[in-house]
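A quick write-up on the structure given underneath.
Number of protein chains: 2
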Amino acid sequence: MTTTAALQTLTHSEPPTWTSTELARAFTAPKGFGDVTLRDRHPDAIELLGGIPDPSVLPSAELAEATARVLSVPGVPALQYGRTEGVPALREWIAAREGVPVSRILVTNGGFHGISLAVQLVVERGGLVAVDNPIFPLFLRGLELSDAKILPITVGRDGFDVAELEAHLVAGARPSAVYTVPDFHNPSQHSLTLEGRRELVRLAEQYNFILLADNPYRELGFRGEELDFEVFNSSSHVIHINTFTKTLGPGLRLGWLVLPERLVPDFVSLRARQDSHSSQLVEHAVAELLGSTPTFFDDTLATARTLYRQRADALSAALEAEAPGVFEIDAPEGGLFLWPRIADDSIDADKLADDATAEGISYQRGSFFPSGPGTDSDRRLRLSYGDTPIERLQEGAVRLGRAVATQR
Amino acid sequence: MTTTAALQTLTHSEPPTWTSTELARAFTAPKGFGDVTLRDRHPDAIELLGGIPDPSVLPSAELAEATARVLSVPGVPALQYGRTEGVPALREWIAAREGVPVSRILVTNGGFHGISLAVQLVVERGGLVAVDNPIFPLFLRGLELSDAKILPITVGRDGFDVAELEAHLVAGARPSAVYTVPDFHNPSQHSLTLEGRRELVRLAEQYNFILLADNPYRELGFRGEELDFEVFNSSSHVIHINTFTKTLGPGLRLGWLVLPERLVPDFVSLRARQDSHSSQLVEHAVAELLGSTPTFFDDTLATARTLYRQRADALSAALEAEAPGVFEIDAPEGGLFLWPRIADDSIDADKLADDATAEGISYQRGSFFPSGPGTDSDRRLRLSYGDTPIERLQEGAVRLGRAVATQR
Chain H
1 MTTTAALQTL THSEPPTWTS TELARAFTAP KGFGDVTLRD RHPDAIELLG GIPDPSVLPS
61 AELAEATARV LSVPGVPALQ YGRTEGVPAL REWIAAREGV PVSRILVTNG GFHGISLAVQ
121 LVVERGGLVA VDNPIFPLFL RGLELSDAKI LPITVGRDGF DVAELEAHLV AGARPSAVYT
181 VPDFHNPSQH SLTLEGRREL VRLAEQYNFI LLADNPYREL GFRGEELDFE VFNSSSHVIH
241 INTFTKTLGP GLRLGWLVLP ERLVPDFVSL RARQDSHSSQ LVEHAVAELL GSTPTFFDDT
301 LATARTLYRQ RADALSAALE AEAPGVFEID APEGGLFLWP RIADDSIDAD KLADDATAEG
361 ISYQRGSFFP SGPGTDSDRR LRLSYGDTPI ERLQEGAVRL GRAVATQR
Chain V
1 MTTTAALQTL THSEPPTWTS TELARAFTAP KGFGDVTLRD RHPDAIELLG GIPDPSVLPS
61 AELAEATARV LSVPGVPALQ YGRTEGVPAL REWIAAREGV PVSRILVTNG GFHGISLAVQ
121 LVVERGGLVA VDNPIFPLFL RGLELSDAKI LPITVGRDGF DVAELEAHLV AGARPSAVYT
181 VPDFHNPSQH SLTLEGRREL VRLAEQYNFI LLADNPYREL GFRGEELDFE VFNSSSHVIH
241 INTFTKTLGP GLRLGWLVLP ERLVPDFVSL RARQDSHSSQ LVEHAVAELL GSTPTFFDDT
301 LATARTLYRQ RADALSAALE AEAPGVFEID APEGGLFLWP RIADDSIDAD KLADDATAEG
361 ISYQRGSFFP SGPGTDSDRR LRLSYGDTPI ERLQEGAVRL GRAVATQR
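In structure tokens:
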């Protein structure tokens with residue numbers, strides 16, 4: 001290239017304004033709700049911010065051993081290409097646990113990935129989706145992939161308000177999908193009743209929408225039996241979204257969908273056009289971990305449930321002790337969150353959050369979580385106790401008590 | 001629910017016809033080109049089908065050790081949430097090697113994932129993309145995410161025909177992106193010249209398209225220095241798509257993009273709406289593997305290059321010996337493919353492929369690879385020698401010779 005040509009190139013190459021595709025133009029900037037994937041951590045404060053499992057109940061040593069075993073298999077399939085649907089041994093383990101045929105299991109890179117695939121394949125661009133109110137806020141971010149409109153449905157002590165949804169349906173609303181977290185709801189703690197599950201699935205079949213049942217906390221119940229999921233797995237109108245994130249670790253990026261048979265081809269096709277398949281190393285290692293000791297997963301869950309129950313109870317008790325009468329707290333039954341209501345009307349919720357941060361205790365303010373009007377979320381706090389030891393939770397309650405005291 | 005209600009539900013729940021979203025309606029069924037993620041393997045035949053690295057040069061033992069080390073770090077960050085952009089230590093290692101700021105590196109789940117993200121963010125739905133002809137066929141599958149139209153550009157002994165593209169541009173074609181594999185092209189072996197690279201980047205800047213430089217084979221050159229990539233990394237109009245697939249193993253699902261700064265926010269936003277981030281376990285383990293011994297990656301590459309060069313040369317020689325004068329073979333200079341031309345006009349290429357399969361030697365027929373008219377691909381074979389030992393390659397040549405003999 002001559003010097004003259006080079007100069008012309010420089011002239012030509014003045015940076016033009018970049019125009020995003022229609023897809024990207026629907027993306028909004030993160031606001032309010034802290035994004036764990038973007039946030040740097042502050043080790044000096046007590047942070048009750050995210051639904052983060054405790055490292056002590058994640059099976060790191062056993063996973064290292066399982067990884068070493070799969071990496072010593074001749075030909076090392078764990079380092080080679082695999083099937084889009086997932087490693088057969090892992091899918092078989094999951095399918096047996098779900099009580100469905102293997103063909104209905106699609107391995108994903110975690111629960112949020114399953115949400116994302118479903119949003120792209122079930123919700124037409126600009127379509128309508130009925131959603132939890134309050135809601136796991138990142139779902140709304142995922143929904144931007146389809147630039148969808150939302151219909152907020154109240155979530156209360158009995159979970160998703162199915163009657164409220166039905167009233168909208170009877171009045172003519174026609175969502176293509178309905179999104180709820182049925183077990184140990186994020187942020188509002190409670191679970192959808194058995195009758196509510198049945199009714200919601202019945203409505204999905206009657207009005208021909210897809211129910212997105214997002215179930216990351218299902219294995220973390222504190223009191224008695226697992227909540228019903230057979231109702232989700234036996235309908236052609238439900239996508240049951242699951243993950244090992246809260247039980248084996250978010251960093252694996254490993255989850256699964258239980259799909260209606262008719263939806264499987266589109267999901268496999270989309271996945272084959274995105275990242276082909278999940279990490280074979282992770283899939284093989286987890287299949288080895290779960291398959292080599294039949295009781296391993298349930299033993300791991302039992303340990304985790306005890307730890308989280310103790311933490312939830314300790315935090316609940318400490319809040320009562322340090323700020324008596326200030327918070328209305330429902331007894332925690334599972335999951336990783338408390339959702340106390342500020343019962344003292346004289347307390348300003350935003351000032352409390354600011355004062356708490358200054359005292360060295362951070363949480364998500366409830367005002368981050370509504371998907372529409374009509375909730376009492378702005379009078380609430382979401383406290384995540386999963387990865388914080390009891391002593392620190394108690395210290396956090398002391399600090400929160402000091403923050404409360406500035407307004408009393 | 002009463003029996004009557006249950007019966008009504010059954011009536012209501014007759015499976016309605018499933019309607020795919022607009023996104024999924026653009027997906028075509030796999031045809032012709034074997035899909036390694038869908039195909040079951042036949043261990044009795046010699047299969048030269050896919051660009052598969054040899055297990056003997058993948059660092060499985062070292063990776064097991066690195067994994068054990070990252071899983072023993074207190075707090076086990078390898079099992080926790082991470083940043084969408086990737087683990088800092090891994091991004092820093094990659095950025096240093098690429099000669100770019102860390103902020104321009106986005107970790108992906110392998111090269112195809114990088115292609116997919118780029119297609120979704122650079123190509124408007126129904127847009128135009130100029131592509132290699134012949135082409136890595138799975139790119140066209142990825143392009144279905146944007147339901148794009150294609151403009152085929154000849155790839156010859158000097159790689160992508162930049163003059164042919166320029167003629168289209170001068171005539172008024174306005175692609176939003178141009179896709180090529182610059183180094184050791186799949187399927188056609190050759191590399192884009194240095195002058196061709198410069199011209200192509202100049203055209204990208206002049207005509208404001210994004211060059212998708214897909215570079216999975218860049219580290220697998222046999223003869224001398226690495227081909228120039230600085231020209232790609234120094235333009236605001238190039239996305240340089242890279243992967244550890246061919247060097248550390250496809251099963252990791254780990255790659256990276258070198259992005260122009262202006263494009264980074266959209267890519268992070270899209271990724272945050274899909275699977276949040278790549279497996280932290282894999283990212284931490286690979287960062288540990290590469291970072292703990294500074295010469296490790298280059299040593300691994302040196303071993304791999306020697307192995308693949310020996311295999312390529314042995315296959316090339318065996319074909320000359322077993323079917324003299326039948327094939328025109330260019331000396332392999334890198335990568336994982338031979339692309340011989342059937343020089344004997346009396347030989348029918350499809351019959352040869354069928355006879356070869358019957359003899360126990362499988363390969364991809366060249367007719368799978370054109371993206372448009374004007375190539376001699378249907379007179380060619382794509383032979384992948386990466387994961388087949390020399391003795392088996394020689395036996396494969398014997399079998400191919402027998403298949404040729406049925407037509408002579």
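Note that the protein sequences, when read in sequence, are chains H and V. Residue numbers in the first sequence follow UniProt numbering, run continuously in steps of one, and reach 408 at the last position. Residue numbers in the second sequence follow UniProt numbering, run continuously in steps of one, and reach 408 at the last position. Note that the Cβ used here is the ideal one computed from N, Cα and C, for glycine as well.
Can you grab the Cα-Cα spacing for the pair residue i / residue j, in whole Å?
i: residue 42 of chain V; j: residue 327 of chain V; result: The predicted model places residue 42 of chain V with a pLDDT of 46, which falls under 50 and marks its position as unreliable; any figure quoted below should be read in that light. Spanning the two alpha carbons is a distance of roughly 26 Å.
i: residue 273 of chain H; j: residue 80 of chain V; result: 27 Å
i: residue 186 of chain H; j: residue 98 of chain V; result: 42 Å
i: residue 296 of chain H; j: residue 343 of chain H; result: 43 Å
i: residue 330 of chain V; j: residue 194 of chain V; result: 20 Å
i: residue 222 of chain H; j: residue 389 of chain H; result: 17 Å
i: residue 369 of chain H; j: residue 339 of chain H; result: 11 Å
i: residue 260 of chain H; j: residue 304 of chain V; result: 44 Å
i: residue 190 of chain H; j: residue 215 of chain H; result: 13 Å
i: residue 159 of chain V; j: residue 285 of chain H; result: 40 Å
i: residue 118 of chain H; j: residue 405 of chain H; result: 46 Å
i: residue 77 of chain H; j: residue 114 of chain V; result: 23 Å
i: residue 68 of chain H; j: residue 384 of chain V; result: 29 Å
i: residue 207 of chain V; j: residue 153 of chain V; result: 16 Å
i: residue 203 of chain V; j: residue 105 of chain V; result: 24 Å
i: residue 287 of chain V; j: residue 92 of chain V; result: 9 Å
For a test of the three-state rule: what should DSSP assign to residue i, helix, strand or coil?
i: residue 188 of chain H; result: coil
i: residue 208 of chain V; result: coil
i: residue 49 of chain V; result: coil
i: residue 20 of chain V; result: coil
i: residue 402 of chain H; result: helix
i: residue 168 of chain H; result: helix
i: residue 149 of chain V; result: strand
i: residue 364 of chain H; result: strand
i: residue 93 of chain V; result: helix
i: residue 105 of chain H; result: strand
i: residue 255 of chain H; result: strand
i: residue 213 of chain H; result: strand
i: residue 262 of chain H; result: helix
Could you work out which residues of chain V lie near residue i, taking near to mean beta carbons separated by less than 8 Å?
i: residue 150 of chain H; result: The contacting residues do not exist; residue 150 of chain H stays about 15 Å from chain V at best.
Cβ atoms of residue j and residue i: under 8 Å apart, would you say?
i: residue 247 of chain H; j: residue 255 of chain H; result: no
i: residue 253 of chain V; j: residue 86 of chain V; result: no
i: residue 277 of chain H; j: residue 82 of chain H; result: yes
i: residue 410 of chain H; j: residue 270 of chain H; result: Since the first residue shown for chain H is 1 and the last is 408, residue 410 of chain H is missing from the structure and cannot be characterised.
i: residue 220 of chain H; j: residue 267 of chain H; result: no
i: residue 294 of chain H; j: residue 312 of chain H; result: no
i: residue 175 of chain H; j: residue 151 of chain H; result: yes
i: residue 116 of chain H; j: residue 275 of chain V; result: yes
i: residue 315 of chain H; j: residue 403 of chain H; result: no
i: residue 229 of chain V; j: residue 240 of chain V; result: yes
i: residue 408 of chain H; j: residue 379 of chain H; result: no
i: residue 155 of chain H; j: residue 197 of chain H; result: no
i: residue 289 of chain H; j: residue 89 of chain H; result: no
i: residue 281 of chain H; j: residue 251 of chain V; result: yes
i: residue 349 of chain V; j: residue 399 of chain V; result: no
Using a cut-off of 7 Å between C-beta atoms, extract the partners of residue i located in chain V.
i: residue 124 of chain H; result: 21 and 22
i: residue 144 of chain H; result: 273
Using the beta-carbon of each residue, which ones in chain H are nearer than 7 Å to residue i?
i: residue 76 of chain V; result: 55, 58 and 60
i: residue 67 of chain V; result: 64 and 67
i: residue 411 of chain V; result: The structure shown does not extend to residue 411 of chain V, since chain V is modelled only from 1 to 408, so the question has no answer here.
Could you list which residues in chain V have their beta carbon closer than 9 Å to that of residue i, in chain order?
i: residue 71 of chain H; result: 60, 61, 63, 64 and 67
Checklist line | chain V contacts made by the region 231-262 of chain H, where a contact means CB separation under 7 Å | finding: 236, 249, 250, 251, 252, 253 and 262
Notebook entry, point to check: Given a limit of 7 Å on CB to CB distance, which residues of the region 300-320 of chain V reach chain H?
Noted result: Cβ contacts with chain H come from no residue of the region 300-320 of chain V.
Item checked: Within 7 Å of chain H by C-beta, residues of the region 268-297 of chain V in sequence order -> Result list: 269, 270, 272, 273, 274, 275, 276, 277, 278, 279, 280, 281 and 282.
Check: Which of the residues in the region 93-117 of chain V, read from start to end, lie with their CB under 7 Å from any CB of chain H?
Finding: 109, 110, 112, 113 and 116
Next item on the list: Select from the region 79-92 of chain H all residues with a C-beta closer than 7 Å to any C-beta belonging to chain V, and list them in chain order.
Entry: 79, 80, 81, 82, 83 and 84
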